[in-house]
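Worksheet: the structure to be examined is printed underneath.
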Amino acid sequence: MVHDILIWPDPRLREVSAPVTEFDESLKTLIKDMFETMYAAKGVGLAAPQIGILKRVVVIDTSPQDEGARPLVLINPRITRKEGKRLWSEGCLSVPDEQEKVERAEKVAVTALDEEGREFSLEADGTLLALALQHELEHLEGGLFVDHLSSLKRGLIKRRMTRLKEAARRTANPKA
Ligand code: NI
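Residue numbers (this note's numbering): 80 to 255.
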């Protein structure tokens, strides 16, 4: 099922998400829904809080930009190492149609659980995956890429998002 994606500013995007403790059917349904929602929105990554579910679940698919990339599920992920610096042009499904340069690490190592609860580790170096990992894990802490921008830029984007949401509300509710 495709879910609505929360648009910033929304208080739920600022919450710290809770670790997953049950690796059951409802988790598999959530993961399936997250992939469907991400692909429908043409994104490369999605974190559960972006659909209002405050759990530490991330899905990423950086194909075809990253050669050999496959769909990835990361439960309770944590960054174990960061190296180097790089300016990336970054966007977010919760901040539609905005792209800004953000400084991130060039290389990251991450440890996470898969949907069966098995631990795995991965590294990404200079690829879109390296960016997506840092961006999506930040969502689990209530962070967004706009937090890295100047307050002036963030304010401009916030006004555009607020107008976008008001327009969407009027369309959904013409008499209001
Ligand atoms: Ni995002």
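Where a beta carbon is used, it is the ideal one built from N, C-alpha and C, also for glycine.
None of these values were measured; they are calculated from a predicted model.
When you compare each of the options to residue i by their alpha carbons, which one comes out closest?
| i | options | result |
| --- | --- | --- |
| Glu101 | Asp83, Val136, Met117, Val95 | Val136 |
| Ala184 | Val152, Lys161, Glu94, Gly124 | Lys161 |
| Thr206 | Asp193, Glu198, Met80, Ala188 | Ala188 |
| Val81 | Thr108, Pro156, Gln213 | Thr108 |
| Ile154 | Thr190, Gly131, Glu104 | Thr190 |
| Leu85 | Tyr118, Lys111, Pro128 | Pro128 |
Quick one: what's residue i bridged to in DSSP?
| i | result |
| --- | --- |
| Phe199 | Ala191 |
| Arg160 | Ala188 |
| Val137 | Ala126, Leu153 |
| Leu109 | Answer by DSSP bridge pairing: none, since Leu109 is not bridged. |
Just the C-alpha distance for residue i and residue j, rounded to the nearest angstrom, thanks.
| i | j | result |
| --- | --- | --- |
| Val99 | Val174 | 26 angstroms |
| Leu166 | Ala211 | 13 angstroms |
| Leu235 | His227 | 14 angstroms |
| Glu220 | Asp204 | 23 angstroms |
| Gln122 | Gln144 | Reading off the sequence shown, one finds Gly at residue 122, where the question assumed Gln. About 12 angstroms. |
| Thr250 | Lys244 | 10 angstroms |
**Report entry** Shell residues, 6 angstroms Cβ cut-off relative to heavy atoms of the ligand NI
**Finding:** Cys171, Leu172, Ser173, His214, His218
Requested in this report: Let me know the alpha helix (DSSP H) ranges lying completely inside the stretch 202 to 233, each 4 residues or longer, listed in chain order.
Outcome: If we require 4 residues or more, the alpha helix (DSSP H) runs fully inside the stretch 202 to 233 come out as 207 to 219.
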